[in-house]
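S.K.: Protein sequences, first through last, are from chains C and E. Numbering (the working numbering) for the first sequence: 246 to 375. Numbering (the working numbering) for the second sequence: 246 to 375. Virtual Cβ for every residue (Gly too), placed ideally from N, Cα, C.
Protein chains: 2
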Amino acid sequence: MPTKPTWTARASNVPEEACPIGPVVDIVFSRWTTPILWSLHEHGRQRFVELERRIGTITPKVLTQRLRQLERDGLIVRTYHPEVPPRVEYEISDLGRSLAPLFAHLATWASTNLDTVERSRHDYDAKSAR
Amino acid sequence: MPTKPTWTARASNVPEEACPIGPVVDIVFSRWTTPILWSLHEHGRQRFVELERRIGTITPKVLTQRLRQLERDGLIVRTYHPEVPPRVEYEISDLGRSLAPLFAHLATWASTNLDTVERSRHDYDAKSAR
DNA sequence: CAGTATCCGGCCGGATACTG
DNA sequence: CAGTATCCGGCCGGATACTG
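1. Given this structure, state the Cα-to-Cα distance separating residue 363 (chain C) from residue 299 (chain C), to the nearest angstrom.
2. Quick one: which unbroken alpha helix (DSSP H) runs of 4-plus residues sit fully inside the region 249-337 of chain E? Chain order, please.
3. Would you decide whether residue 325 (chain E) is buried or exposed? Buried here means 16 or more other CB atoms lie within 10 Å of its CB.
4. Just checking: is the beta-carbon of residue 279 (chain C) within a distance shorter than 8 Å of some beta-carbon in chain E?
5. Please classify residue 359 (chain E) as buried or exposed, where buried requires at least 16 other C-beta atoms within 10 Å of its C-beta.
6. Is the Cβ-Cβ distance between residue 328 (chain E) and residue 290 (chain E) less than 8 Å?
7. Taking Cβ to Cβ, would you say residue 340 (chain C) is nearer than 8 Å to residue 282 (chain C)?
8. Considering only their Cβ atoms, is the gap separating residue 292 (chain C) from residue 317 (chain E) smaller than 8 Å?
9. Are any of the Cβ atoms in chain C nearer than 8 Å to that of residue 289 (chain E)?
10. Throw me the rounded Cβ distance for the residue 273 (chain C) and residue 344 (chain C) pair, which I believe falls under 8 Å.
11. So residue 285 (chain E) packs on residue 337 (chain E), CB below 8 Å; how close in whole Å?
12. Run the CB neighbour count on residue 323 (chain C), radius 10 Å, all protein chains shown included, and call it buried at 16 or more, exposed below.
13. Secondary structure at residue 377 (chain E), three-state DSSP: helix, strand or coil?
14. Check each residue of the region 304-318 of chain E: if its Cβ is closer than 8 Å to any Cβ of chain C, include it; give the result in chain order.
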């Protein structure tokens, strides 16, 4: 859980000025969580290696860390099948699924405004150059 | 711009499996951006020190970095008044303001589900302990 | 298969001091 | 006031090798 301590500290230091969405951002948008949740939501229940391959550039160590975090937060469910070789399946939970509209909202904002951001960056860099 | 290279790299390596909300997450939810945008949205145009005090635990160096990033992305507007002493004002842009519904959505999700996350964590930790 | 163990580099953010 | 310059520690994530 990457930046959580930061938010928590800030919230406790200056409670009245705390950004109300701080804690939830740490839960939902910490690193690798969106591709993992997205993959689980799109392609359903998956094994460890499937997720690993689908995400592409994540290492097993980090994937394990993120999956544990998401499981602890209740956003995914891990099922262990005691077979040989072992089989483990991950699926999105109801709580995780409840994020779908939010993600859709974000995707909509992106498709509408991402090119505006791009243009802004371009203009800013052009001005800085001269 | 903190984790951007990561997302970009992943997207270019495995385009077909890329999480579509990756890039926008880096823009909107990179560190300190939500409290800055929130403060600017709630309290209107503010000077550097006002923001610094309101956010509470951020250092000037980091605040400058984040403000520059947000300005470059077009989410805020910086106005420099050439006086002595200098006066600089920051305000949220139309593009930044367009994030308000999204933030509201996030706040709603948080108020509905944050205690579920808390309970899940508690249960998980209790199980791990034994 | 589904991870764990170790090592390691880079980067980010904090602290501190200074400036036009 | 609104920053910049420097230094520095910690942490996170990647690479690699290994295991029940």
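M.R.: Quick look at the numbers:
1. 28 Å
2. 249-258, 267-273, 278-288, 293-300 and 305-317
3. exposed
4. yes
5. exposed
6. no
7. no
8. no
9. no
10. 6 Å
11. 4 Å
12. exposed
13. The structure shown does not extend to residue 377 (chain E), since chain E is modelled only from 246 through 375, so no value can be given for it.
14. 316, 317 and 318
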